Amino acid sequence: MINGYPLEQFEAMTGKKFMNVDVYFTEYYMNMTKQYILPQIDCGKIYPNQTFDGYRCIDFSSIDTEKKSLTFSGSFQTTYEIRLSSCSGENNCAPEKETLNYLTQYNSSLFAHFVTSQYNYTTRQYQQNIQFQQFFFDDFLVFLSQIKMEKTTSKIQQGFMLQDASIKEHISNIHRFDTQYSRNNIKQKINFDGYGYVFMYLDQNYSQIAYQYPMITEILSQCVCVFNIFIAFGSFASAFSRYKIVEKLSGVYLKEYFKGTAAYLIQKSQSQNPGFDLNNSYADEIFKIQQQIKNTDFQQNIHRVCKASIFQRIRLMILQMLGIEKQNLEDEGIQKSIYEKIIDYTLSQWIFFKFISNQFIQIWQLN
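Positions 3 to 369 (the numbering used here) are the ones given, in order, by the sequence shown.
So, in structure tokens, the structure goes:
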């Protein structure tokens, strides 16, 4: 930009030429250097949706493939170079003093836009970014700027069932270093007579990034913990419901047990005393005993025994695995032993019922 206008537009307005802006592709070998001038094109034709009309871009569609990328190795390196050189001696070239007068104004500078790209894991596309750089001119000094480009190799692995890999090399970032030289000094060092010089080259260090999308097996593996929670919850619910059913059935069996015991005692008393007469008072007493049994709530003791039996059964299971007989049960009273027998009987009936049900289901399926 000169005086706020693109260079070509300002030269057309004034009818004068102020400088030459050339882009070179340079190959540096151990003992030789090769340079190629690259063609330029209006950036508005490459980026029609951007406000880049009047800017100059490298016309990559008109150059060889080997000049479209930068290379760095121990004995070989390639660069892109922008030279803003003097047009002294050419037709319609403005005097150097007039050129410097325009270049040192606040609205005169060199704008450079570099396109970098990054892979977006969410959209699964490479996202382009345009980085803006600005260089200013001086009356007595010439800027020499280095743009070091960071190369990234991205490896993309994707596929729900079978995965395939794609590899792409791209510029992911840039770093800038500026130095200033006097006109005589830079002319002696690199034989350059002009106003600015920009080197663009690859960084010696590069990065490799691998992106892998999950397969169906990996997605399912994330659900294992959820399945385990459901299984544990289901096992707990099953054990709790079984515990409540056994508790209720044990109460029923316990009442029947006491009724049967009372009937057995009456029968035994009659057999021992054949002449014994079952009068109304004795019948009333038996009826009161049966009513007392019927109205007695055995659930509290059954609940206590069932609740304690969980740890007891674990202990008994360990003892049975070690082959040790159950000992030291003197602390268990007769009442607790009766409750435990009722619970064991209920469990045996429960298991028998499940076995018979499964057999009926299998027979029904066969028919």
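Quick reminder that beta carbons are idealized off the backbone N, C-alpha and C, glycines included.
Quick caveat: nothing in here was measured; it's all calculated off a predicted structure.
Write down the C-beta distance between residue i and residue j rounded to the nearest angstrom, noting that I regard them as a contact closer than 8 Å.
i       : j       : result
Leu-86  : Gly-196 : 5 Å
Lys-157 : Ile-169 : 5 Å
Asp-61  : Ile-43  : 4 Å
Glu-152 : Ile-132 : Going by Cβ atoms, the distance from Glu-152 to Ile-132 rounds to 16 Å, so no, they are not a contact pair.
Phe-113 : Met-15  : Actually they are not in contact, since the Cβ atoms of Phe-113 and Met-15 sit about 19 Å apart, beyond 8 Å.
Ile-39  : Tyr-57  : The pair is not a contact, with the Cβ atoms about 18 Å apart (cut-off 8 Å).
Phe-20  : Glu-13  : 6 Å
Ser-75  : Met-32  : Not quite, the Cβ-Cβ distance comes to about 11 Å (not below 8 Å), so this is no contact.
Phe-201 : Gln-148 : 5 Å
Thr-101 : Asn-175 : No, Thr-101 and Asn-175 are not in contact; Cβ-Cβ is about 34 Å, not under 8 Å.
Gly-198 : Phe-137 : 6 Å
Tyr-203 : Thr-81  : 4 Å
Asn-5   : Gln-107 : 6 Å
Ser-88  : Glu-98  : 7 Å
What is the DSSP secondary structure of residue i, reduced to helix, strand or coil?
i       : result
Ile-211 : strand
Gln-130 : strand
Ile-1   : The structure shown has nothing for residue 1, since the chain only spans 3 to 369.
Ser-283 : Residue confidence is low: Ser-283 scores 49 on pLDDT, short of 50, so the model does not pin down where it sits. Its coordinate-derived value is still stated next. If DSSP states are grouped into helix, strand and coil, Ser-283 belongs with the helices.
Leu-188 : Checking the sequence, you will find Ile at residue 188 rather than Leu. The answer is helix: DSSP assigns Ile-188 an H, G or I state.
Glu-334 : Residue placement at Glu-334 cannot be trusted, given a pLDDT of 45 that sits under 50; what the coordinates show is reported in the next sentence. Three-state result, Glu-334: coil.
Phe-54  : coil
Phe-12  : helix
Gly-196 : strand
Ile-231 : helix
Phe-62  : helix
Thr-73  : coil
Lys-328 : At Lys-328, the pLDDT of 47 sits below 50, so the modelled position is not reliable and the matter cannot be decided from this model.
Sort out for me which residues DSSP pairs residue i with in a bridge.
i       : result
Ser-88  : Met-21
Tyr-203 : Thr-81 and Lys-150
Thr-28  : Gln-37 and Thr-81
Thr-181 : Leu-146
Glu-171 : Thr-155
Phe-137 : Leu-112
Ile-4   : Tyr-7
Ile-48  : For Ile-48, which the question treats as bridged, DSSP gives no partner whatsoever.
Gln-160 : Asp-166
Practice prompt. Counting only runs of 3+ residues fully inside the stretch 95 to 125, write out the beta strand (DSSP E) ranges in chain order.
Written response: 112 to 122
Discussion item. Counting beta carbon pairs with one atom in the stretch 207 to 215 and one in the stretch 89 to 102, are three or more of them shorter than 8 Å?
Written reply: No, because fewer than three Cβ pairs between the stretch 89 to 102 and the stretch 207 to 215 fall closer than 8 Å, the two stretches do not touch.
Discussion item. Quick check: the stretch 126 to 144 against the stretch 168 to 184, are at least 3 beta-carbon pairs closer than 8 Å?
Written reply: Verdict: yes, contact present.
Discussion item. Check whether the stretch 121 to 134 and the stretch 59 to 77 touch, using three or more Cβ-Cβ pairs below 8 Å as the test.
Written reply: no
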